[in-house]
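Taken in order, these protein sequences are the chains called P and R.
Residue numbers for the first sequence follow the working numbering, so the first one is 29 and each next one is one higher.
Residue numbers for the second sequence follow the working numbering, so the first one is 396 and each next one is one higher.
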Amino acid sequence: MIVSRNAAELVTASATAAAGALVCYGSLENGVSWGASGPEPGYFPFYVGCLIILGSAGAAVQALWRGGTGEIFADGENIRTVAAFLLPLIALAALSQWLGLYIAMALYLFFAVWLGAKRTALSAFLIAAITTGVNFVIFEILFTVPLLKGPVLEYFGIY
Amino acid sequence: MGNFGQLMDGFAVALSTHHVLIMIIGVLLGLVVGVLPGLGAPNGVSLLLPLTFGMDPISAIILLTSMYWGALFGGSTTSILFNIPGEPSSVATTFDGYPMARQGEALRALTLAFGSAGIGAMTGVVVITLLSGWVAQFALRFGAAEYFAVYFMAFASFIGMSGGSPFKTLVSMMLGFACATIGMDTISGESRLTFEWDAPHRRRQLPHRGDRPVRPRRAADHHGGRRQVPGREGQAQPVDDLPHHRGAPALLGDADPQRPDRLLDGHHAGRTDRRLLHELRARPPVLQARRELRQGRARGRRRA
Numbered sequence: 029m030i031v032s033r034n035a036a037e038l039v040t041a042s043a044t045a046a047a048g049a050l051v052c053y054g055s056l057e058n059g060v061s062w063g064a065s066g067p068e069p070g071y072f073p074f075y076v077g078c079l080i081i082l083g084s085a086g087a088a089v090q091a092l093w094r095g096g097t098g099e100i101f102a103d104g105e106n107i108r109t110v111a112a113f114l115l116p117l118i119a120l121a122a123l124s125q126w127l128g129l130y131i132a133m134a135l136y137l138f139f140a141v142w143l144g145a146k147r148t149a150l151s152a153f154l155i156a157a158i159t160t161g162v163n164f165v166i167f168e169i170l171f172t173v174p175l176l177k178g179p180v181l182e183y184f185g186i187y
Numbered sequence: 396m397g398n399f400g401q402l403m404d405g406f407a408v409a410l411s412t413h414h415v416l417i418m419i420i421g422v423l424l425g426l427v428v429g430v431l432p433g434l435g436a437p438n439g440v441s442l443l444l445p446l447t448f449g450m451d452p453i454s455a456i457i458l459l460t461s462m463y464w465g466a467l468f469g470g471s472t473t474s475i476l477f478n479i480p481g482e483p484s485s486v487a488t489t490f491d492g493y494p495m496a497r498q499g500e501a502l503r504a505l506t507l508a509f510g511s512a513g514i515g516a517m518t519g520v521v522v523i524t525l526l527s528g529w530v531a532q533f534a535l536r537f538g539a540a541e542y543f544a545v546y547f548m549a550f551a552s553f554i555g556m557s558g559g560s561p562f563k564t565l566v567s568m569m570l571g572f573a574c575a576t577i578g579m580d581t582i583s584g585e586s587r588l589t590f591e592w593d594a595p596h597r598r599r600q601l602p603h604r605g606d607r608p609v610r611p612r613r614a615a616d617h618h619g620g621r622r623q624v625p626g627r628e629g630q631a632q633p634v635d636d637l638p639h640h641r642g643a644p645a646l647l648g649d650a651d652p653q654r655p656d657r658l659l660d661g662h663h664a665g666r667t668d669r670r671l672l673h674e675l676r677a678r679p680p681v682l683q684a685r686r687e688l689r690q691g692r693a694r695g696r697r698r699a
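And the structure:
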């Protein structure tokens, strides 16, 4: 599977334009005009969203103007490398919403070291346990900042 | 030269064995915070604040400042080793530090970065102490228009000096601006670009100073107007979806009596803390204290 540079440019431009449209739509809920006491809350984000759309349009026009140069953005191997890095990260974010940050961190480190870096399961387990423990001590005990815990730790009375 | 004498007095206080040990701890903690991208020196200082409650003021300030400078240097570690600045201030280190690391001179680059951070911090402190009076006079004349001009020049030069397409620079910069506007507006206190995703969490939170049901868009019948303090009517009723909190009042009865005030301070500073809700459910008097606080603030505003 080969993705051309032009296709990637166009997809990125549409994605950022969609983000800009979302920003514009969101700020419309707060009012974008100039009220009695100065600009309304949505005034600044609205024009930021407009600039995002304009910039995306500019980038897309530039990409179309240049035409197909045959430049390759990514081939199969590149995509596999990025996916091997990106998909676990997405899994980490999803897991941390469900199980809390610490368990997700430990699981992510364990599998990243074991399967990603091809170390032994024991060293992966040790790295995951020690890193999670150090993070727990730093954030929960020293800094007293409660991070997301999730149902498992709350069941054991840690929250 | 009055400033200079005071500076020397400061060094005399700071350079005791106890304080130097605290400096070492602070710089090491700062390194940890600085290496993590996104956790900057100011965040690190605010994270470290609870740790300093039990310390004497001088040690606490020394710990916080050492941690600040440690974090400023810590950012350059990732700049040199991974080409990823851990701090905004260490972006420039990626320009020459990362190439040095690629040539196998990472240790030398780190040493130079550490040395220059130390010399720079020292010179900066001495210079700012000697010039502070003069600089303060200048800074007072720096108003909104001047700030706007400086920021505008910075962002315009990003676009002008960008290597690739200026459109892409514009888009990524504006995406950053858009991300910065998510959440509470600092002027009106309204939540922006949240699409009411914060609503389920907010139901469990105190009414924030921003939650004024003044705008017709936030119709009272729809959002329930001003959000109710959980447990205000029932006075510490157990909440159904949190069954394991039922034993909390007895436990918290023995807790540090200053704690609710401290948590409330954090709440007023805009920090959301779930432990505050536990305290509030457990301790009705805190609600009374909060009401007094608000009345005090209202009085203050009227006077002003």
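Backbone N, C-alpha and C fix where the C-beta goes; we use that ideal spot for every residue, glycine too.
- Rounded to the nearest angstrom, the Cβ distance from Ala49/P to Ile100/P is 30 Å, too far for a contact under 8 Å.
- Here Gly499/R carries a coil assignment [DSSP, helix/strand/coil].
- The bridge partners DSSP lists for Met579/R are Ser586/R.
- Non-local beta-carbon contacts of Gly470/R in its own chain, meaning distances under 7 Å to residues more than five positions away in sequence, involve Gly429, Pro480, Gly481, Glu482, Ser484, Ser485 in chain order.
- Taking 9 Å as the cut-off, the beta carbon of Val165/P is found no closer than this to the beta carbon of Asp103/P.
- Counting the other CB atoms within 10 Å of its CB gives Glu182/P a total below 16, which places it among the exposed residues.
- Between Thr447/R and Leu434/R, the CB-CB gap reaches or exceeds 9 Å.
- Fully enclosed alpha helix (DSSP H) runs of no fewer than 4 residues occupy 104-127, 129-139, 149-164 of the region 104-164 of chain P, in order along the chain.
- Where Ile100/P is concerned, the enclosing beta strand (DSSP E) starts and stops at 100-102.
- Closest by C-alpha distance to Thr581/R, out of Val141/P, Gly86/P, Arg33/P, Phe72/P, is Phe72/P.
- By the Cβ criterion, the region 559-573 of chain R is in contact with the region 83-96 of chain P, since at least three pairs of Cβ atoms, one from each stretch, lie closer than 8 Å.
- Linking Trp126/P to Val180/P through their CA atoms gives a straight-line distance of about 10 Å.
- For Leu442/R, the neighbours in chain P by C-beta distance under 7 Å run, in chain order, Phe171, Val173.
- In the structure shown, Ser32/P adopts extended strand secondary structure according to DSSP, grouped into three states.
- Here Pro67/P is bridged, per DSSP, to Trp62/P.
- Under a criterion of Cβ atoms nearer than 7 Å, the residues of chain P adjacent to Met569/R are, in order, Val76, Leu79, Ile80, Gly83.
- Residues of the region 530-549 of chain R with a C-beta less than 9 Å from any C-beta of chain P: none at all.
- Leu176/P sits in coil when the DSSP states are folded into three classes, being neither helix nor strand.
- Its chain contains Leu588 as the residues whose beta carbon lies nearer than 6 Å to that of Ile577/R, once the 5 sequence neighbours on both sides are disregarded; these appear in chain order.
- Rounded to the nearest angstrom, the gap between the Cα atoms of Ala91/P and Gly128/P is 42 Å.
- Note on Cys52/P: 16 or more other CB atoms within 10 angstroms of its CB, so buried under the neighbour-count rule.
- Listed in chain order, the non-local C-beta contacts of Gly96/P below 8 Å within the same chain comprise Ser32, Asn34, local neighbours out to five positions each way being set aside.
- Around the beta carbon of Trp93/P, fewer than 16 other beta carbons lie within 10 angstroms, which makes this residue exposed.
- Counting along the chain, Met450/R sits inside no alpha helix (DSSP H), nor does DSSP assign it H or E at all.
- Distance from the CA atom of Leu535/R to the CA atom of Thr524/R, rounded to whole angstroms, is 17 Å.
- Chain P places a beta carbon closer than 9 Å to that of Val427/R, counting this residue as a contact.
- Contact of Arg587/R with chain P by beta-carbon distance below 8 Å involves Gly54, Ser55, Asn58, Pro69, Gly70, Pro73.
- Taking 9 Å as the threshold, the shortest C-beta distance from Ile479/R to chain P does not fall below it.
- For Asp580/R, the neighbours in chain P by C-beta distance under 8 Å run, in chain order, Asn58, Pro69.
- Thr97/P sits in coil when the DSSP states are folded into three classes, being neither helix nor strand.
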